[in-house]
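Asker: Numbering (our numbering), first residue to last: 182 to 341. Where a beta carbon is used, it is the ideal one built from N, C-alpha and C, also for glycine. Given the structure is predicted, the values throughout are model-derived calculations rather than measurements.
(1) Can you grab the Cα-Cα spacing for the pair residue 321 / residue 261, in whole Å?
(2) So residue 291 packs on residue 339, CB below 8 Å; how close in whole Å?
(3) Among 327, 222, 249, which has the Cα closest to the Cα of residue 284?
(4) Quick check: what's the CA-CA separation for residue 297 versus residue 318?
(5) Helix or strand or just coil, what does DSSP make of residue 285?
(6) Based on the DSSP output, what are the partners of residue 329 in its beta bridges?
(7) DSSP three-state call for residue 337: helix, strand or coil?
(8) Which residue or residues does DSSP assign as beta-bridge partners of residue 292?
(9) By how many angstroms is the C-alpha of residue 280 removed from the C-alpha of residue 295?
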């Protein structure tokens with residue numbers, strides 16, 4: 182897997198969370214086109230992501246009951262399985278209780294060093310761990326409020 186030895190280039194990318202209007206710029210404008218380097222980087226990131234997902238499956242790190250981030254699996258599958266389990270319990274005369282968690286913001290607080298250590302601990306290849314480290318490194322963020330932007334600060338937690 183020679184491609185894993187590549188390192189993600191450090192690129193400044195300002196994400197300002199604007200809502201798209203749905204209109205594309207005219208094809209004659211330069212901003213209508215994306216850099217082929219950007220496209221190649223995104224393709225390589227997808228390949229690495231698939232490799233990590235496959236390896237996690239091989240190592241038994243992904244439970245059969247996990248639906249998110251899995252091929253041929255969706256939120257609909259999760260709901261159908263949940264409802265099926267409820268009806269199965271009711272059919273056996275059992276009482277059903279459910280406790281749910283909203284983990285949407287959880288990933289904003291993942292510690293990079295701990296994540297990388299856990300990946301190694303669970304048998305992910307060192308080259309793949311280095312790729313993840315490269316993806317997480319050299320990230321900065323600034324707060325923008327009422328058109329004023331604060332100074333850039335290093336981001337040590339959170340998964341982009």
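Answerer: Straight from the coordinates:
(1) The count along the chain shown starts at 1 and reaches residue 321 at position 140. The count along the chain shown starts at 1 and reaches residue 261 at position 80. So the two alpha carbons sit approximately 40 Å from each other.
(2) One-based indexing of the chain shown puts residue 291 at position 110. One-based indexing of the chain shown puts residue 339 at position 158. Rounded, the Cβ-Cβ distance is 6 Å, consistent with contact.
(3) Position 103 of the chain shown, counting from 1, holds the residue named residue 284. Closest option to residue 284, Cα to Cα, is 249.
(4) Counting from 1 along the chain shown, the entry for residue 297 is found at position 116. Counting from 1 along the chain shown, the entry for residue 318 is found at position 137. The straight-line gap from Cα to Cα measures roughly 11 Å.
(5) Your numbering for residue 285 matches position 104 in the chain shown. Three-state result, residue 285: coil.
(6) Working through the chain shown from its first residue, we reach residue 329 at position 148. BP columns for residue 329 point to 326.
(7) Position 156 of the chain shown, counting from 1, holds the residue named residue 337. Three-state DSSP puts residue 337 in coil, outside helix and strand.
(8) To locate residue 292, count along the chain shown from 1; it is residue 111. Residue 292 is bridged to 338.
(9) Mapped onto the chain shown, residue 295 falls at position 114. Mapped onto the chain shown, residue 280 falls at position 99. C-alpha separation (whole angstroms): 27 Å.
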